[in-house]
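According to UniProt numbering, the residues represented by the sequence shown are 1 to 446, in order.
Glycine included, C-beta positions come from ideal geometry on N, C-alpha and C.
Everything below concerns the one structure shown next.
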Amino acid sequence: MMSEQQKVEAFAKEYFDQLAPYVRLASVSAKHQHIEETADWLQQKFQTLGAKQTAQWHEFGGSPMVFAEFDGQSERTVLFYNHYDVQPPEPLDEWHTDPFEPTFLPDGTVRARGISDDKGELMSRLTALQYLQDHGGLPCHVKFMVEGEEEVGSTHFEQYVDAHKAELASDLCVWEGGSVNEQEHFNVSGGVKGILAFDLKVQTADVDLHSSLGAYADNAAWRLMDALTSLRTPDRKLAVDGYYDLVAPMSDSTKQAVAKMDFDAEGFKQRAGLRTPFLRDDPKLASVNEPSLTVNGFNAGYNGSGVKTVIPKVATAKLDCRLAQGQTPKACFDLIRKQLDKNGFSDVEMTFNLGEDPFRSDLDSKVYQTVTDVAKAVYGDDNVNVVPNSAGGGPQAPVANSLNVPIVSVGCGYYGSGAHAPNESLRVKDYQTGTYYMVALLRALQ
Numbered sequence: 001m002m003s004e005q006q007k008v009e010a011f012a013k014e015y016f017d018q019l020a021p022y023v024r025l026a027s028v029s030a031k032h033q034h035i036e037e038t039a040d041w042l043q044q045k046f047q048t049l050g051a052k053q054t055a056q057w058h059e060f061g062g063s064p065m066v067f068a069e070f071d072g073q074s075e076r077t078v079l080f081y082n083h084y085d086v087q088p089p090e091p092l093d094e095w096h097t098d099p100f101e102p103t104f105l106p107d108g109t110v111r112a113r114g115i116s117d118d119k120g121e122l123m124s125r126l127t128a129l130q131y132l133q134d135h136g137g138l139p140c141h142v143k144f145m146v147e148g149e150e151e152v153g154s155t156h157f158e159q160y161v162d163a164h165k166a167e168l169a170s171d172l173c174v175w176e177g178g179s180v181n182e183q184e185h186f187n188v189s190g191g192v193k194g195i196l197a198f199d200l201k202v203q204t205a206d207v208d209l210h211s212s213l214g215a216y217a218d219n220a221a222w223r224l225m226d227a228l229t230s231l232r233t234p235d236r237k238l239a240v241d242g243y244y245d246l247v248a249p250m251s252d253s254t255k256q257a258v259a260k261m262d263f264d265a266e267g268f269k270q271r272a273g274l275r276t277p278f279l280r281d282d283p284k285l286a287s288v289n290e291p292s293l294t295v296n297g298f299n300a301g302y303n304g305s306g307v308k309t310v311i312p313k314v315a316t317a318k319l320d321c322r323l324a325q326g327q328t329p330k331a332c333f334d335l336i337r338k339q340l341d342k343n344g345f346s347d348v349e350m351t352f353n354l355g356e357d358p359f360r361s362d363l364d365s366k367v368y369q370t371v372t373d374v375a376k377a378v379y380g381d382d383n384v385n386v387v388p389n390s391a392g393g394g395p396q397a398p399v400a401n402s403l404n405v406p407i408v409s410v411g412c413g414y415y416g417s418g419a420h421a422p423n424e425s426l427r428v429k430d431y432q433t434g435t436y437y438m439v440a441l442l443r444a445l446q
């Protein structure tokens with residue numbers, strides 16, 4: 001006789017075809033392609049699944065937020081957050097299959113744009129919901145909020161959450177997804193770092209100059225590089241007064257979780273082809289609770305083929321800061337501006353692009369322990385990796401602040417999914433087991 005896990009996993013594979021049209025919708029938010037069509041498809045799917053109510057929220061502009069609510073047997077409510085927008089598929093010539101046609105491969109993966117980030121995750125959750133409805137009904141109330149702007153900064157997300165907090169009221173928010181790591185351990189993450197993205201620009205002349213004048217005429221590229229290096233100490237820390245003072249101390253349970261976290265240092269170096277030493281002796285601690293400043297791109301002068309001997313008049317750079325708990329985008333932006341001025345670079349312009357606060361759930365809370373206990377029951381006691389917060393970002397803080405709800409990130413991705421890259425994929429076995437985990441979690445939360 002089949003176990004329930006085997007039944008759920010078989011159902012997940014069979015039900016995939018009913019959700020595959022979702023992946024075929026090329027909902028690229030950067031180009032605003034197929035956004036309304038995808039939102040309509042989702043709302044119709046929620047209605048077909050028997051939602052008590054569905055809605056598309058439009059009042060703040062941008063891509064519509066899709067909402068659905070399902071009644072359950074208990075008063076407890078789980079809120080799922082996902083997003084229906086995806087990254088552009090380019091460069092198309094690096095794809096081995098059609099990016100918007102889910103393709104099952106002999107290695108046990110299914111390939112498509114968004115299959116990992118984030119459509120496959122929502123499909124897994126919808127499959128778990130359908131299975132439970134077919135086998136006695138939902139054990140608790142379930143709500144979904146699915147946005148269409150995550151890949152372009154969730155521009156209107158906070159406004160929608162704040163305006164609809166009554167509809168979104170819940171006891172737990174399960175975030176967009178998760179994964180198993182390189183050790184095949186299931187990650188349970190309780191939060192995110194924050195992010196600040198900004199541009200720098202400096203202009204040293206009205207026109208580009210002949211490089212023969214470089215003995216006495218300044219160069220915008222050198223000027224901006226000097227400004228950038230002034231923000232970093234010789235040991236590669238941030239040289240910004242007051243920056244680290246904002247970082248909140250970690251709780252004892254967070255420190256213990258960090259100490260137990262998986263991290264294959266040599267494996268990471270090999271996979272990335274890393275040619276330089278780690279910046280920190282403890283990369284696990286750094287990934288959870290240390291801020292960073294990253295130069296994402298730098299542009300100045302001539303970058304074409306051949307030779308052009310020129311002194312560029314303008315130099316620009318794109319940067320982001322990953323923020324630790326306690327820091328905020330505005331406070332960090334202001335500190336960097338103040339430091340540049342202090343260092344003699346008041347001529348360097350700063351332009352704010354994006355900001356999201358960090359967030360971390362209480363690892364000692366009862367509901368977080370339930371999430372972890374169910375993971376151990378499904379994946380094995382020694383196969384669960386508790387991560388206090390991911391090194392990446394996301395708009396979790398507005399949800400936590402508006403709804404006063406714990407947030408956890410779990411899902412069916414894997415370390416080699418290649419989200420945002422060509423040939424993005426999902427392993428079928430992770431999809432199946434992840435669906436069973438969602439079934440077990442909803443039952444445990446009853």
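Backbone secondary structure at residue i - three-state DSSP
i	result
N181	coil
W175	coil
D17	helix
F60	coil
N187	strand
K143	strand
G413	strand
I407	strand
F263	coil
T328	coil
R111	strand
Q339	helix
E9	helix
M225	helix
E90	coil
A26	coil
F100	coil
Q44	helix
Exposed unless 16 or more other CB atoms sit within 10 angstroms - verdict on residue i
i	result
T77	buried
F104	exposed
F352	exposed
V288	buried
T127	buried
L363	buried
A272	exposed
S425	buried
M65	buried
V146	buried
P99	buried
E101	exposed
D17	exposed
G242	exposed
Y319	A small fix is needed here, since residue 319 is Leu in this sequence, not Tyr. The residue is buried, with at least 16 neighbouring Cβ atoms inside 10 Å.
Contact check, residue i vs residue j, beta carbons under 8 Å
i	j	result
A205	K313	yes
K269	G392	no
V378	Y436	yes
residue 447	L354	In the structure as shown, the chain begins at 1 and stops at 446. Residue 447 is therefore absent and cannot be evaluated.
A227	V348	yes
G124	D85	According to the sequence shown, residue 124 is Ser rather than Gly. For S124 and D85, no; Cβs fall outside 8 Å.
P406	E356	no
Selection from the options that minimises the alpha carbon distance to residue i
i	options	result
H58	V28, G148, P422 and Y81	G148
V180	L122, T433 and L441	T433
I35	Q87, E4 and G178	Q87
G108	D430, L442 and M438	D430
N82	Y415, S409 and D373	S409
Y22	K7, L42, K13 and E9	L42
A440	T54, Q53 and Y131	Y131
G344	E290, T229 and N299	T229
N401	D252, A55 and F359	F359
G214	G297, V310, E121 and L172	V310
D208	A197, D199 and A220	A220
F186	G393, L445, P406 and T372	T372
D122	A26, V174, D134 and K260	Looking at the sequence shown, residue 122 is not Asp but Leu. That would be V174, whose Cα lies nearest to the Cα of L122.
E266	L224, Q183 and K338	Q183
Q256	T233, D241, K284 and A239	K284
D40	Q6, Q56, A239 and K52	Q56
Y244	L335, V386, A68 and A419	L335
V142	N404, A68 and E356	A68
K13	S3, L231, T48 and V428	V428
A20	A112, G418 and F198	A112
D171	S189, V258, L25 and E75	E75
Beta-bridge pairing of residue i - partner residues as DSSP gives them
i	result
C321	L196 and L293
K201	T316 and E349
Y81	M145
E356	I195
R232	L238
Test: residue i CB closer than 8 Å to a CB of chain C
i	result
E349	Structure shown: chain C not included; a single protein chain is present.
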